[in-house]
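Enquirer: Following this message is one structure expressed as structure tokens.
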Amino acid sequence: MIKPAASTVGGAGMELRYAKVILSAETLLAALRPTPAGIDLSKRDGLYKLLPVSIREAVNARLRERWWRGQQPPVVDEAAAAASRETVERALRWLGPMAHDTVRWHDERSMERAQRFSVRPRALMVQTLHFADRRKADDAIVEVLLGLSCVCWYDDERRRLESLDWDDE
Numbered sequence: 083m084i085k086p087a088a089s090t091v092g093g094a095g096m097e098l099r100y101a102k103v104i105l106s107a108e109t110l111l112a113a114l115r116p117t118p119a120g121i122d123l124s125k126r127d128g129l130y131k132l133l134p135v136s137i138r139e140a141v142n143a144r145l146r147e148r149w150w151r152g153q154q155p156p157v158v159d160e161a162a163a164a165a166s167r168e169t170v171e172r173a174l175r176w177l178g179p180m181a182h183d184t185v186r187w188h189d190e191r192s193m194e195r196a197q198r199f200s201v202r203p204r205a206l207m208v209q210t211l212h213f214a215d216r217r218k219a220d221d222a223i224v225e226v227l228l229g230l231s232c233v234c235w236y237d238d239e240r241r242r243l244e245s246l247d248w249d250d251e
């Protein structure tokens with residue numbers, strides 16, 4: 083087996099963890115589709131707990147920079163929410179398949195020899211996050227999480243404002 087460089091996600095041994103973060107982001111975005119109840123906060127907490135420290139710190143720093151520069155909190159803007167959602171969806175269109183293949187590749191490697199003779203196509207290591215540049219992967223995941231944070235915030239604010247409207251009537 084080819085050994086990945088230290089600067090890659092696989093070289094750091096983080097490919098499965100990164101894949102789980104990406105898959106959790108996909109799940110969270112899908113859960114944000116318009117529903118009356120809103121999002122289950124445990125999904126957000128679960129995603130946050132999966133994050134490696136370096137990504138968590140980068141996301142926190144970027145959120146502080148973006149949202150809390152001493153200004154008033156941003157207003158609920160449907161266009162900004164739609165733009166954030168589109169950014170996340172665009173990134174997940176290429177990150178998602180790699181994350182799915184990474185999980186599948188790991189599953190295939192851990193199967194018993196007798197189960198390996200499946201007719202299902204196998205995932206190739208080159209299709210996974212194994213050889214991805216770690217810095218670029220970090221940046222892409224941070225951008226997804228920032229966009230997802232914006233989408234969640236807009237969704238929460240919209241629901242809060244709707245509940246205030248119902249209370250006024």
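All residue numbers for the sequence shown refer to our numbering, where the first residue is 83 and numbers rise by one. Glycine is no exception: its CB is placed at the ideal position from the N, C-alpha and C atoms.
#1: Does the beta-carbon of S166 have 16 or more other beta-carbons within 10 angstroms, so that it is buried, or is it exposed?
#2: Please report the distance separating the alpha-carbon of T109 from that of G92.
#3: Could you check what DSSP says for T210 in three-state terms: helix, strand or coil?
#4: D215 by DSSP, collapsed to three states: which one?
#5: For the alpha helix (DSSP H) that G178 lies in, which residues bound it at each end?
#6: Would S106 be called buried (16 or more neighbouring beta carbons within 10 Å of its own) or exposed?
#7: Over what stretch of residues does the alpha helix (DSSP H) that includes V26 continue unbroken?
#8: For the alpha helix (DSSP H) that R126 lies in, which residues bound it at each end?
#9: Taking Y130 as the reference, give the member of F213, E190, I104, R148 with the closest Cα.
#10: Counting only the same chain and skipping the five closest in sequence on each side, list residues whose C-beta sits under 8 Å from that of H212.
#11: Tell me the rounded alpha-carbon separation between R146 and M207.
#12: Return yes when the Cβ of V170 is within less than 8 Å of the Cβ of V233, no when it is not.
#13: Straight-line CA distance for Y100 to A112?
#14: Taking the straight line between their C-alpha atoms, what separation do you get for L174 and M193?
Expert: With the given structure in hand:
#1: buried
#2: 23 Å
#3: coil
#4: strand
#5: 160 to 192
#6: buried
#7: Shown here, the chain extends from 83 to 251; a query on residue 26 therefore has no answer.
#8: 123 to 132
#9: I104
#10: P86, T90, V91, G92, E97, T184, W187
#11: 37 Å
#12: yes
#13: 18 Å
#14: 28 Å
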